[in-house]
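**Q**
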Amino acid sequence: MRVATFNVENLFSRVHAMNSDDTEQTSVVLAAAAELQSLIAHDVYTDADKARMLEILKKHRATGTSGPFFLQETRRRLYSYGKIVADGREDWIGSIEWKRDLFQGPAIENTGRIIDELKADVLCLVEVENRPVLRRFNETILKQAPYPHANLIDGNDERGIDVGLLSRRPVIDMRSHTDDLDPATNRPIFSRDCAEFEIDIPGTRHLWVLVNHFKSRGYGSKASNDARRRRQAETVAAILRRFDLAKQWVIVAGDFNELPSSDSLAPPLQQAGLRNALAKLPNDADRWTHRDDAVPSKNDQIDYLLVSEALWPRLREVGIERRGIWASAKKTREKYPSLSTITGDSNCASDHAAVWAEFDL
Numbered sequence: 041m042r043v044a045t046f047n048v049e050n051l052f053s054r055v056h057a058m059n060s061d062d063t064e065q066t067s068v069v070l071a072a073a074a075e076l077q078s079l080i081a082h083d084v085y086t087d088a089d090k091a092r093m094l095e096i097l098k099k100h101r102a103t104g105t106s107g108p109f110f111l112q113e114t115r116r117r118l119y120s121y122g123k124i125v126a127d128g129r130e131d132w133i134g135s136i137e138w139k140r141d142l143f144q145g146p147a148i149e150n151t152g153r154i155i156d157e158l159k160a161d162v163l164c165l166v167e168v169e170n171r172p173v174l175r176r177f178n179e180t181i182l183k184q185a186p187y188p189h190a191n192l193i194d195g196n197d198e199r200g201i202d203v204g205l206l207s208r209r210p211v212i213d214m215r216s217h218t219d220d221l222d223p224a225t226n227r228p229i230f231s232r233d234c235a236e237f238e239i240d241i242p243g244t245r246h247l248w249v250l251v252n253h254f255k256s257r258g259y260g261s262k263a264s265n266d267a268r269r270r271r272q273a274e275t276v277a278a279i280l281r282r283f284d285l286a287k288q289w290v291i292v293a294g295d296f297n298e299l300p301s302s303d304s305l306a307p308p309l310q311q312a313g314l315r316n317a318l319a320k321l322p323n324d325a326d327r328w329t330h331r332d333d334a335v336p337s338k339n340d341q342i343d344y345l346l347v348s349e350a351l352w353p354r355l356r357e358v359g360i361e362r363r364g365i366w367a368s369a370k371k372t373r374e375k376y377p378s379l380s381t382i383t384g385d386s387n388c389a390s391d392h393a394a395v396w397a398e399f400d401l
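Its first residue numbered 41, the sequence shown is counted upward by one per residue in the working numbering.
1) Distance, Cα to Cα, Glu137 vs Pro108?
2) Nearest CA to the CA of Ala185: which residue from Ile154, Gly195 and Leu192?
3) Give me the Cα-Cα distance between Leu111 and Ala102, rounded to the nearest whole angstrom.
4) Can you tell me whether Thr275 is buried or exposed? The criterion is at least 16 other CB atoms within 10 Å of its CB, across all chains shown.
5) What number of angstroms, rounded off, separates the C-alpha of Ser207 from the C-alpha of Gly384?
6) Where does Gly152 sit, in a helix, a strand or coil, going by DSSP?
7) Under 8 angstroms: do the segment 217–236 and the segment 61–80 share three or more Cβ pairs, one atom per stretch?
8) Specify the secondary structure class of Gln112 as computed by DSSP and reduced to three states.
9) Apply the 10 Å Cβ neighbour rule to Arg115 and answer buried if 16 or more other Cβ atoms are within range, or exposed otherwise.
10) Compare the C-alpha of Lys255 against each of Cys234, Ala397, Glu398 and Lys159 and name the closest.
11) Tell me the residue span of the beta strand (DSSP E) that contains Glu357.
12) Can you have a look at Pro307 and say buried or exposed, based on whether 16 or more other CB atoms are within 10 angstroms of its CB?
13) What residue range is occupied by the uninterrupted alpha helix (DSSP H) comprising Leu118?
14) Three or more beta-carbon pairs under 8 angstroms between the segment 287–300 and the segment 360–368, yes or no?
15) Hey, which unbroken runs of the alpha helix (DSSP H) at 4 residues or more fall wholly within the segment 156–194?
16) Who are the Cβ neighbours of Leu407 in its own chain at under 6 angstroms, not counting the five residues just before and after it?
17) Can you have a look at Asn323 and say buried or exposed, based on whether 16 or more other CB atoms are within 10 angstroms of its CB?
18) Identify, in the order they occur along the chain, each residue of the same chain with its Cβ nearer than 7 angstroms to the Cβ of Ala367, setting aside the five sequence neighbours on each side.
19) So, for Arg42: in the same chain, excluding its five sequence neighbours on each side, which residues have a beta-carbon less than 8 angstroms away from its beta-carbon?
20) Only counting the same chain, and skipping five residues up and downstream in sequence, which positions put a Cβ closer than 8 angstroms to that of Ile148?
21) Quick one: what's got a C-beta closer than 6 angstroms to Asp266's C-beta in the same chain, skipping five residues either side?
22) Can you tell me the Cα-Cα spacing of Val173 and Cys388, whole angstroms?
23) What are the boundary residues of the beta strand (DSSP E) that includes Arg215?
24) So, Leu118 versus Ile96, is the Cβ gap smaller than 7 angstroms?
25) Apart from the five residues just before and just after Tyr187, which ones in its own chain have a Cβ nearer than 8 angstroms to its Cβ?
So, in structure tokens, the structure goes:
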């Protein structure tokens, strides 16, 4: 059984109209939506307002959901049976919503190719907008071999940078830690979440996977970032005390945003009963997982699979899938070539490598 973790670098949806190559038609749609938005904001709808709203709604199929944008009526109606029935903005509650698609293009296709190459039975994903986006990605980009289980719980990041899981084994339980609060600040501890997934393994055993995306090293002072990441790591270590790591199969996975030597990661990395899967690699092996510099240092690991003591004897092989990365330095590309479909930074699968581990389960 293979378990992997992969930061897919912003698996987001995009407004459907913006995916079109027809820039002229896109401009027409944007202008129509803007005009409709202006009209529905009027305190009183004149006959001319109603006629123009009706014209826009019908032309762009906005009374249903087949057009590029649609009318979302939350309470009472603006439109009913072919006519505008509201007389002003206070007569109804609703808005204009955009139809959204999974972001299309070579980069997202290369992300799918890397996932195909991983052949993971359980895949932990970082930086996914929401579950509908994960499902669409699974059904369209991974359509040759989609996963039967696609799970994601909305996290704390307002940008929708969440953690999720694709699995070929049934997921029988999920638990979120978005509401775990830091007593010092009364703010959520996790920037996103520490999402727990309990996975059914044939027989009587279960596998618990805890997916994380710790505080980044950018955006703010190093001291405050390190302190918050340390609190997140301490909380993961506390969560792990629920488990008997000597007997239960547990994996802590994800993008920890720091090196193994960092004090901010010490709580889980130095926890008794938990091991870094990449310790299985030869001592002289390159362990970098992120394209941060033109020439990455060999030990620049920020993506992890931490394995419980009970699972460690069953660990057969580990690896780092770097072919989705486009390295800016030629000598790095020569040593670590990308997929042939990746020709530059604009169409690379991610700026992270995927980490995988093969278990005898």
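In this text, a Cβ means the ideal position worked out from N, Cα and C, and glycines have one as well. In this text, all values refer to a predicted model and were calculated from it rather than measured experimentally.
**A** On the basis of the data shown:
1) Answer to the nearest angstrom: the Cα atoms are 9 angstroms apart.
2) Measuring from the Cα of Ala185, the nearest candidate turns out to be Ile154.
3) 6 angstroms
4) Result: buried.
5) 30 angstroms
6) helix
7) no
8) strand
9) exposed
10) Cys234
11) That run of the beta strand (DSSP E) goes Leu355 to Glu361.
12) buried
13) No alpha helix (DSSP H) contains Leu118, which DSSP labels as neither H nor E.
14) No, they do not touch.
15) 171–176
16) Only positions 41 to 401 of the chain appear in the structure, and residue 407 is not among them; the question remains open.
17) exposed
18) Arg331, Arg373 and Tyr376
19) Annotation for Arg42: Leu158, Lys159, Ala160, Asp161, Val162, Trp396, Ala397, Glu398 and Phe399 place their beta carbon closer than 8 angstroms to its own, counting only its chain and skipping 5 residues before and after.
20) Leu51, Leu142, Phe177 and Ile181
21) Within the same chain, Asp266 has close Cβ partners Ser304.
22) 19 angstroms
23) Val211 to Arg215
24) no
25) Leu163, Asn178, Leu206, Ser207 and Arg208
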